[in-house]
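Residues in the sequence shown are numbered consecutively from 17, following the numbering used here.
We treat Cβ as the ideally placed atom computed from N, Cα and C, and that holds for glycine.
Below you'll find the structure, written out as structure tokens, and then a few comments.
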Amino acid sequence: MSQPGPSTRVVRAGLPEPEQGEPFLPGPVFAAPFHLTGEPEDSPAVYTRYGNPTWTRYEDAVGSLEDADAVLFSSGMGAAAAILLTQLTPGSVLAVDEGCYLNVRRLARTHLEPRGVEVRLAPPAGLAAAARGADLLWLESPSNPTLEVYDIAALADLGVGTVVDNTTAGPLLQRPLDLGAHYSLTSATKQLSGHADLVLGYVTTRDGERAQALRDWRRDAGAIPGPFEAWLAHRSLPTLAVRLERACDNALVIARQLAARDDVEEVRYPGLPGDAGHEVARRQMSGYGMVVSFDLGSRERAERFLAAAKLITDATSFGSVHTVAERRARWGGDAVPDGFIRLSSGCEDAADLLADVERALDAAA
Ligand SMILES: Cc1ncc(COP(=O)(O)O)c(C=O)c1O
Numbered sequence: 017m018s019q020p021g022p023s024t025r026v027v028r029a030g031l032p033e034p035e036q037g038e039p040f041l042p043g044p045v046f047a048a049p050f051h052l053t054g055e056p057e058d059s060p061a062v063y064t065r066y067g068n069p070t071w072t073r074y075e076d077a078v079g080s081l082e083d084a085d086a087v088l089f090s091s092g093m094g095a096a097a098a099i100l101l102t103q104l105t106p107g108s109v110l111a112v113d114e115g116c117y118l119n120v121r122r123l124a125r126t127h128l129e130p131r132g133v134e135v136r137l138a139p140p141a142g143l144a145a146a147a148r149g150a151d152l153l154w155l156e157s158p159s160n161p162t163l164e165v166y167d168i169a170a171l172a173d174l175g176v177g178t179v180v181d182n183t184t185a186g187p188l189l190q191r192p193l194d195l196g197a198h199y200s201l202t203s204a205t206k207q208l209s210g211h212a213d214l215v216l217g218y219v220t221t222r223d224g225e226r227a228q229a230l231r232d233w234r235r236d237a238g239a240i241p242g243p244f245e246a247w248l249a250h251r252s253l254p255t256l257a258v259r260l261e262r263a264c265d266n267a268l269v270i271a272r273q274l275a276a277r278d279d280v281e282e283v284r285y286p287g288l289p290g291d292a293g294h295e296v297a298r299r300q301m302s303g304y305g306m307v308v309s310f311d312l313g314s315r316e317r318a319e320r321f322l323a324a325a326k327l328i329t330d331a332t333s334f335g336s337v338h339t340v341a342e343r344r345a346r347w348g349g350d351a352v353p354d355g356f357i358r359l360s361s362g363c364e365d366a367a368d369l370l371a372d373v374e375r376a377l378d379a380a381a
């Protein structure tokens with residue numbers, strides 16, 4: 017059989033071989049210690065902070081989507097911290113895209129810099145120069161929330177250990193490891209679980225030593241996922257491809273609708289042919305994601321838009337079946353104007369969403 021397509025892969029990912037009378041996806045294993053006689057090395061499970069069969073199943077599943085080892089953490093930030101803290105020591109240099117997720121930048125500035133790590137924050141055009149002589153290069157593509165698109169292969173080619181935060185694209189739309197990155201990071205809180213009901217994250221890598229260092233870090237730092245969250249995420253995985261297809265279609269029509277209005281500025285969506293990131297995105301992604309951003313010019317207009325929308329929930333995060341949007345400047349920490357909105361399209365009917373956006377824009381005028 018030829019290589020199965022993405023929908024087939026997610027439906028089967030991580031499932032055990034069929035066994036008479038057993039469920040397709042075994043339930044979560046809730047345990048602190050496991051029965052253990054003799055040496056820990058001889059037992060498949062010893063104590064859940066060291067490993068849990070429910071995590072392993074989900075790791076096998078998401079790892080298979082990138083043909084890599086996956087290491088699961090309690091959140092996307094837990095995964096980010098694990099990469100940074102296993103790779104950087106006093107005197108190390110970290111080059112970071114200044115538009116990447118704000119908590120990653122904050123972690124670097126407030127926790128790594130005081131411990132002697134040089135943190136070089138760089139704008140998109142300066143990232144390659146900042147990476148020169150660095151020990152680790154951190155980028156996010158498309159970035160959240162401004163949707164900058166980076167040429168991953170070109171940056172990974174600089175010869176510096178490269179991390180791609182792949183959260184906005186996810187493993188079905190973009191495979192950073194194929195493009196030369198050493199780590200791909202995904203907050204599974206978003207599209208991977210897709211129902212806005214849990215927090216989880218993982219790292220994939222094809223380097224066994226790096227994977228082992230992450231697992232050791234998780235054991236020692238205790239940034240461990242709950243078995244129930246891992247199981248829920250696994251249960252949601254088979255629908256990833258169909259959810260994504262609908263959400264990406266919805267994002268494109270909403271982006272087009274926004275771009276056609278003269279009272280909306282700076283519409284960013286990598287799937288729009290005129291978008292600054294479109295050409296690179298077309299080369300390195302197989303779809304453009306569900307996140308769209310735009311500027312309504314003022315805080316007041318953005319707030320009126322969000323208050324008037326009925327199907328678009330005012331909430332943070334992205335990638336769930338529900339369409340959500342937020343005025344991003346309310347968090348501080350991102351270089352975005354007061355009227356900047358990040359919208360994540362869900363799986364509702366496009367016609368309903370378009371009508372809602374139109375009405376809310378008119379109400380915000
Ligand atoms: C791009 C990106 N990376 C990492 C994270 C962190 O993920 P989590 O909230 O699961 O810790 C987020 C969260 O919004 C994100 O948007």
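Review point. Quick one: Cα of W71 to Cα of L188, how far?
Key: 20 Å
Review point. Can you tell which of D365, A341 and L370 has the C-alpha that lies nearest to the C-alpha of I357?
Key: A341
Check your understanding: From A150, E156 and L322, pick the residue whose C-alpha is nearest to that of L201; which is it?
Key -> E156
Check your understanding: Okay, do the segment 250-260 and the segment 175-192 touch, 3+ Cβ pairs below 8 Å being the bar?
Key -> yes
Exercise for review: Tell me whether S360 counts as near ligand 1, meaning its Cβ is closer than 7 Å to at least one heavy atom of that ligand.
Suggested key: no
Exercise for review: Decide if the segment 163-180 is in contact with the segment 266-277; the criterion is three or more beta carbon pairs, one per stretch, under 8 Å apart.
Suggested key: no
Exercise for review: Out of A212, E295, L268 and A297, state which residue places its alpha-carbon closest to the alpha-carbon of V283.
Suggested key: L268
Review point. Quick check: the segment 102-115 against the segment 128-135, are there 3 or more CB pairs under 8 Å?
Key: yes
Check your understanding: Considering only residues of the same chain and omitting the five flanking positions on each side of V373, which have a CB-CB separation below 8 Å?
Key -> I270, Q273, L274, A325 and I328
Exercise for review: Give me whichever residues DSSP pairs with D113 in a beta bridge.
Suggested key: A138
Practice item. Confirm the yes/no value for this check: CB of S333, any heavy atom of ligand 1, distance under 7 Å. Key: yes
Review point. Any contact of the segment 117-128 with the segment 84-101, i.e. 3+ C-beta pairs under 8 Å?
Key: yes
Review point. Between the C-alpha atoms of D291 and G362, what's the straight-line distance to the nearest angstrom?
Key: 21 Å
Point to revise | Collapsed DSSP secondary structure at I357 in the structure displayed | key: strand
**Study point:** Backbone secondary structure at D223 - three-state DSSP
**Key:** coil
Exercise for review: Report all residues from its chain with a CB closer than 6 Å to the CB of L214; omit the five preceding and five following residues, and keep chain order.
Suggested key: E245 and L248
Check your understanding: Is the beta carbon of T205 within less than 7 Å of some heavy atom of ligand 1?
Key -> yes
Check your understanding: For D151, which option in S203, L322, Q103 and E114 has the closest C-alpha, if you only look at C-alpha atoms?
Key -> Q103
Point to revise | Span separating the alpha-carbon of D167 from that of M301 | key: 11 Å
Point to revise | Proximity below 8 Å, CB of G180 to CB of P192 | key: As written in the sequence, residue 180 is Val, which differs from the Gly given in the question. It is a contact, given that the beta carbons lie within the stated cut-off.
Practice item. Give a yes or no on whether the C-beta atoms belonging to L260 and G303 are separated by under 8 Å. Key: yes
Check your understanding: Less than 8 Å separating the beta-carbons of L322 and D311?
Key -> no
Check your understanding: Would the C-beta of T329 count as close to ligand 1, meaning under 7 Å from any of its heavy atoms?
Key -> no
Review point. Quick one: what does DSSP say Y218 is sitting in, helix, strand or coil?
Key: strand
Review point. Opposite R343 in the DSSP bridges: which residues?
Key: I357
Review point. Is the shortest distance between the beta-carbon of L189 and the beta-carbons of chain D less than 8 Å?
Key: Here chain D cannot be found, since the structure has a single protein chain.
Check your understanding: Taking 7 Å as the line, does the beta carbon of A150 fall inside it for any heavy atom of ligand 1?
Key -> no
Check your understanding: Taking all protein chains shown into account, do 16 or more other C-beta atoms lie within 10 angstroms of the C-beta of T64, making it buried, or fewer, making it exposed?
Key -> buried
Check your understanding: Using a Cβ-Cβ cut-off of 7 Å (strictly less than) and excluding sequence neighbours within five positions of A172, which residues of its own chain qualify?
Key -> T178, L195, G196 and A197
Point to revise | Residue interval of the beta strand (DSSP E) (run including D291) | key: Note, D291: premise wrong, no beta strand (DSSP E); not H, not E.
Point to revise | Continuous beta strand (DSSP E) stretch holding T178: start and end | key: G177 to D181
Check your understanding: Does the beta-carbon distance from L81 to A29 come in below 8 Å?
Key -> yes
Check your understanding: Grouping DSSP H, G and I as helix and E and B as strand, with all else coil, what is Y285?
Key -> coil
**Study point:** Limits of the unbroken beta strand (DSSP E) element including E156
**Key:** L152 to E156
Point to revise | Buried versus exposed call for G224 [16 or more other C-beta atoms within 10 Å across all chains shown] | key: exposed
Exercise for review: Have a look at the DSSP bridge pairing and note the partners of D330.
Suggested key: A341
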